Amino acid sequence: MSIMPLISGAIIMGYAVAALFFLKFWRRTNDTLFLAFAAAFLLMATTPLLTIVMKVPREEQSPFYLLRLLAFLILIVAVVAKSSARSLSSGPSGR
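At position 73 of the sequence shown the residue is numbered 94 (the working numbering), and the sequence of numbers has no breaks.
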């Protein structure tokens, strides 16, 4: 009996709980950054789940790994968009 399914299940649960927390924050604030984080964590939870269900021996050599790449791209785009929106709303910082 391998302990890897147990560890993968704990990782999936952690990602899912994080996604639920970010969804809760998004409902409170209506900030799209929280929605992007929730979507990214949901994608990160899906990756090991599909790896277990499809019995893929090495996740990093499967096409499911592209889901993790997509999750990080969502995070990068959301943070950059939030940062540029904040800098535009503050205006020029001249004297």
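Every residue, glycine too, gets a C-beta built ideally from N, C-alpha and C. The model shown is predicted, which means the values in this text are computed figures rather than measured ones.
Secondary structure of residue i, DSSP reduced to three states
| i | result |
| --- | --- |
| A106 | helix |
| P69 | helix |
| I24 | coil |
| R79 | coil |
| F62 | helix |
| F55 | helix |
Straight-line gap, residue i to residue j (C-alpha atoms, nearest Å)
| i | j | result |
| --- | --- | --- |
| F46 | G30 | 24 Å |
| I97 | L71 | 24 Å |
| G115 | R48 | Low confidence applies to G115: its pLDDT is 47, below 50, so where it sits in the model is not reliable enough to give any reading. |
Exposure of residue i, with buried meaning 16 or more beta-carbon neighbours within 10 Å
| i | result |
| --- | --- |
| M34 | exposed |
| I95 | buried |
| P69 | buried |
| S108 | exposed |
| L90 | exposed |
| M25 | exposed |
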